[in-house]
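First the structure, in the form of structure tokens, and then the observations on it.
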Amino acid sequence: MHIESPQPQYDVVVVGGGMVGASFALDLARRCDNADLKILIVEAIASSDLNDQPSFDARSTALSFGSKTIYEAMGLWSALAETVTPILQIQVSDRGRFGSTQLTHAEQGVAALGYVVENRELGRVLNHSLAASSVIEQLAPATITGVVPRASGMQLTVLNGDHEIEVNGSLVVLADGGRSPICKNLGIGHKQEDYGQHAIITNIAFELSHAGTAFERFTDSGPLAVLPLASFDGLNRGALVWTVAAERSADLLDCDDKRFLAGLTDYFGGRLGEI
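Here the sequence shown is numbered in the numbering used here, starting from 95 and rising by one per residue.
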């Protein structure tokens with residue numbers, strides 16, 4: 095449920111209401127169904143503005159069998175199943191080398207090796223469930239401007255609109271991304287290593303059907319992956335993650351579609367016909 099004024103004390107405060115934060119809060123609420131649990135999500139972007147939420151943009155996510163099981167237990171899979179694309183086989187190859195490896199769901203004895211969901215659809219399902227929850231409160235748009243450790247948990251200063259309020263949480267879960275300013279303020283460090291590569295992420299269409307196949311191709315510039323997406327307007331769609339040298343990424347992003355697709359075809363080949 096959405097609120098305008100939070101309570102002073104919560105059992106759990108989740109910072110970030112994107113894919114990870116929303117899923118965590120909903121699963122925690124399910125697991126503690128019989129407990130008098132108070133959960134607050136603090137999110138910088140209004141939940142009504144899904145198009146502005148970077149966690150729920152036009153990208154896609156590959157869900158493992160374990161993730162499917164969790165969403166089933168949360169009662170969300172029936173809604174997600176209408177939009178996900180099952181991965182029935184995975185083809186792995188190495189550019190410039192003969193042969194490939196293929197894994198199939200039949201060989202593994204499962205209905206699918208995984209499922210691809212478009213992030214926007216996942217966001218729609220998660221937000222609908224959050225709005226219906228009587229345990230989870232959402233404060234958005236709001237940001238955390240201060241964190242002070244206390245013996246009983248954390249004291250958070252929250253900027254809500256044009257005024258600041260104090261909220262206490264026995265447990266604070268940070269789900270606000272890898273560049274979380276709160277982690278920095280608390281002295282929680284992380285290791286970052288620059289490989290000199292950028293990943294270009296976009297959606298593409300093929301001449302031929304992918305038939306539920308996910309592709310992973312190793313190249314001299316880094317791995318290239320294509321995940322199967324549901325057809326739309328007669329298009330055989332796929333989600334592309336193309337790793338290239340950092341100095342080449344700007345050129346690929348600035349060039350026209352014809353040149354971009356020609357470069358992609360050189361790396362991916364004609365497995366699914368014309369791209």
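All residues carry an ideal CB built from backbone N, CA and C; glycine is no exception.
Ser384: which of Met113, Leu182, Cys277 sits nearest, CA to CA?
-> No information on residue 384 is available, as it lies outside the stretch 95 to 369 that the chain covers here.
Which residues does DSSP pair with Thr194 in a beta bridge?
-> The residue labelled residue 194 in the question sits at position 100 within the sequence shown. Sequence check: residue 194 is Ser here, not Thr. Answer is Ser187, bridged to Ser194.
DSSP-derived helix/strand/coil call for Gly310 | Within the sequence shown, numbered from 1, the residue matching residue 310 stands at position 216. According to the sequence provided, residue 310 is Glu. The question's Gly does not apply to it. It is a strand residue.
Can you have a look at Ala129 and say buried or exposed, based on whether 16 or more other CB atoms are within 10 angstroms of its CB?
-> Position 35 of the sequence shown holds residue 129. Answer is exposed; the Cβ neighbour count stays below 16.
Gln103 lies in the beta strand (DSSP E); which residues open and close that run?
-> Taking the sequence shown and counting its residues from 1, the one referred to as residue 103 is at position 9. Unbroken beta strand (DSSP E) run through Gln103: 103 to 109.
Per-residue DSSP class, three states only, for Thr163 | Translated into positions along the sequence shown, residue 163 becomes position 69. Helix, per DSSP.
Is the Cβ-Cβ distance between Ile230 and Phe300 less than 8 Å?
-> For the purposes of this step, residue 230 is identified with residue 136 of the sequence shown, where counting begins at 1. For the purposes of this step, residue 300 is identified with residue 206 of the sequence shown, where counting begins at 1. No, Cβ-Cβ distance for Ile230 and Phe300 is not below 8 Å.
Where DSSP assigns a beta bridge to Met248, which residues make up the other side?
-> Walking along the sequence shown from the start, residue 248 turns up at place 154. Partner(s): Pro243, Gly263.
Over what stretch of residues does the beta strand (DSSP E) that includes His222 continue unbroken?
-> What you label residue 222 is simply residue 128 of the sequence shown in a count that begins at 1. No beta strand (DSSP E) holds His222; the alpha helix (DSSP H) holding it covers 213 to 226.
Taking Cβ positions, are Thr374 and Gly263 nearer each other than 8 Å?
-> The requested residue 374 does not occur in the structure, where the chain is confined to residues 95 to 369.
Taking just the CA atoms, how far does Lys278 sit from Gly272?
-> The count along the sequence shown starts at 1 and reaches residue 272 at position 178. The count along the sequence shown starts at 1 and reaches residue 278 at position 184. The alpha-carbon atoms of Gly272 and Lys278 are separated by roughly 10 Å.
CB contact flag (Val109, Leu268, <8 Å) = Against the sequence shown, residue 109 aligns to sequence position 15. Against the sequence shown, residue 268 aligns to sequence position 174. Yes, they are a contact pair.
Which two residues bound the contiguous alpha helix (DSSP H) that contains Thr359?
-> Within the sequence shown, numbered from 1, the residue matching residue 359 stands at position 265. Start and end: 351 to 362.
Meets three-Cβ-pair contact criterion under 8 Å: the stretch 306 to 326 and the stretch 204 to 219 | yes
Closest Cα partner of Ala226 within the set Ile259, Trp171, Leu120 | To locate residue 226, count along the sequence shown from 1; it is residue 132. Looking only at Ile259, Trp171, Leu120, the smallest Cα-Cα distance to Ala226 is reached by Leu120.
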